[in-house]
Every structure is written in structure tokens, then in C-alpha cells.
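*Asks:*
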Amino acid sequence: MEKIVLLGYMGSGKSVIGKLLSRKVNLDLLDLDQVIEKRAGMSVNKIFQEKGEIYFRKLESTIFKELMWSEAKFILSVGGGTPCYSNNYELLQQQNVFSVYLKASVEELYNRLTLDKENRPIIASKEADELKEFIAKHLFDRGYYYNQAKHKILVDGKSCDKIVAEIVMILA
Ligand code: S3P
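Numbering-wise (this note's numbering), the sequence shown opens with residue -9 and increments by one.
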């Protein structure tokens, strides 16, 4: 397989699973947010604040498409919104692509994100009591796009090693 794409909502574990999987299958890992930050010369947070979300989405889509149309082999962990804009989800279906949706429940995402929302511009300003409802609605809206991935792994209550083992098994 030439390209492995990990997708899912913020907090679903894309980055950490990407790192472990990269070691396991000996394939380079790219983190789309980091590639965007390098290209823009500023953090994702700063892009949102200074240039706005539309600017971010355009850059995100341009870089995502460049990578997906390239000849390179890699594991790519994308942002929570990447599949949901500019028809990016269509590229998850490419023949040389192994796309995996790391699916977590609202409860699990809420528990994880409530502890770590400051650096995430989409939810940073949400009050604790509105965060769960926000995640539930947002995940419902985004589910259509996430479900375009070729494979889906439920992550609730599973260790990272177990999730990586499941991905490796589907890959084999
Ligand atoms: C976003 C998720 C973030 C980042 C940006 C927007 C989203 O990535 O791309 O803040 O719209 O869900 P992570 O899912 O890696 O946190």
C-alpha cells in the first residue's frame, strides 16, 4: 500500500497511532497540521486567529491534494476537518490509498478533549457545559465524510497497541 491515511475527530488518536504505526510498518509519518504549519510559517492556532478558518481550509486542501497526488509513500495523519471540505474525502477512495477512520464515541471524545481543548481553535472557546453537545452535533455532521474511509476501527477503551495491531491486520 502506498499511502495510509488516518482520519477521525479531534482527540481520536490519529497522531499517536500514526507514530506507533509508522514504527511498526516502517513507513514515514506525516502530520498534515505540521506540514501546514511549516508551509505557513505559523501554528494552526495562529492561522485561525490571524487569517481565519477559510484561509486554513484552502491551505489544508491544497497541501492534502498535493500529498495525495504525489508518488510518495507515507502514513498521513490528517486534521479532524480535512475530509469534510473541498471534496477532500474523494481522495480517501483512491486505489493506492488505505484510509482508516479512527472512530470514537461522543463520550470518549468529550472526556479526552475536555482536558485538552486550549490548542484546538474549533473548541477552545466552548464552555465545559456546551462542549459535549457541540461534539455530538459536529460528529454527526462530519460522520458522512469520515465514513468514506475504506476501513473503520472503533477506538473506545482500546490500548494504542491494540489499535495498531488491528490496523496491521487489515493491512496484511
Ligand atoms: C480541526 C482539527 C485539528 C486542526 C484544526 C481544525 C478540525 O486537527 O486541523 O484545528 O476542524 O477538526 P486535529 O484533529 O489533529 O486536532
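No residue lacks a Cβ here, since even glycine has one placed at the ideal position from N, Cα and C.
1. Extract the residue ranges of the beta strand (DSSP E) inside the segment 73 to 126, only unbroken runs of 3 or more that lie entirely within it.
2. Count the C-beta pairs between the segment 3 to 18 and the segment 112 to 120 that are closer than 8 Å, then say yes if the count reaches three, no if not.
3. On the three-state DSSP scale, how would you describe Lys63?
4. Is Gly69 near the ligand S3P - that is, is its Cβ less than 7 Å away from at least one heavy atom of it?
5. Leaving out the 5 sequence neighbours to the left and right, which residues in its chain are closer than 6 Å to Lys107 when beta-carbon positions are compared?
6. Can we say the segment 68 to 75 touches the segment -9 to 0, given the rule of at least three CB pairs closer than 8 Å?
7. Could you check whether the segment 84 to 92 touches the segment 19 to 36, counting it as contact only if at least three pairs of C-beta atoms, one from each stretch, sit closer than 8 Å?
8. Looking only at DSSP bridge pairs, what is Leu144 linked to?
9. Using CA coordinates, which residue listed in Gln83, Asn77, Asp119 is at the minimum distance from His141?
10. Check whether the segment 149 to 162 and the segment 115 to 129 are in contact - that is, three or more C-beta pairs closer than 8 Å.
11. Could you name the residues that DSSP lists as bridge partners for Leu(-3)?
12. The beta strand (DSSP E) spanning Leu20 covers which residue range?
13. Run the CB neighbour count on Leu105, radius 10 Å, all protein chains shown included, and call it buried at 16 or more, exposed below.
14. If you measure from the CB of Asp23, is any heavy atom of the ligand S3P nearer than 7 Å?
15. Classify Glu50 as buried or exposed, calling it buried when 16 or more other Cβ atoms lie within 10 Å of its own Cβ.
16. Could you tell me which of Leu121, Lys28, Cys74, Leu66 sits nearest to Ile7, measuring between CA atoms?
*Replies:* Answer, in terms of the structure:
1. 87 to 93
2. no
3. Here residue 63 corresponds to residue number 73 of the sequence shown, with the count starting at 1. Looking at Lys63 - three-state DSSP - the assignment turns out to be coil, as it is neither helix nor strand.
4. Along the sequence shown, one-based indexing puts residue 69 at 79. Gly69 Cβ: within cutoff of the ligand S3P.
5. The count along the sequence shown starts at 1 and reaches residue 107 at position 117. Taken in chain order, the residues that qualify are Ile113, Ala114.
6. yes
7. no
8. As a first step, residue 144 must be located in the sequence shown, where it is residue number 154. For Leu144, which the question treats as bridged, DSSP gives the partners Lys93.
9. Within the sequence shown, residue 141 is the residue found at index 151, counting from 1. Of Gln83, Asn77, Asp119, the residue nearest in Cα terms is Gln83.
10. no
11. The residue labelled residue -3 in the question sits at position 7 within the sequence shown. Answer is Tyr91.
12. Within the sequence shown, numbered from 1, the residue matching residue 20 stands at position 30. Segment 19 to 21, the beta strand (DSSP E) holding Leu20.
13. Taking the first residue of the sequence shown as position 1, residue 105 is located at position 115. Exposed: under 16 other Cβ atoms inside 10 Å.
14. Walking along the sequence shown from the start, residue 23 turns up at place 33. Yes; taking the cut-off as 7 Å, the Cβ of Asp23 has a heavy atom of the ligand S3P nearer than that.
15. Locating residue 50 in the sequence shown gives position 60, where the first residue counts as 1. By the 10 Å Cβ count, Glu50 comes out buried.
16. The residue you call residue 7 lines up with position 17 of the sequence shown. For the residues Leu121, Lys28, Cys74, Leu66, the minimum Cα distance to Ile7 belongs to Leu66.
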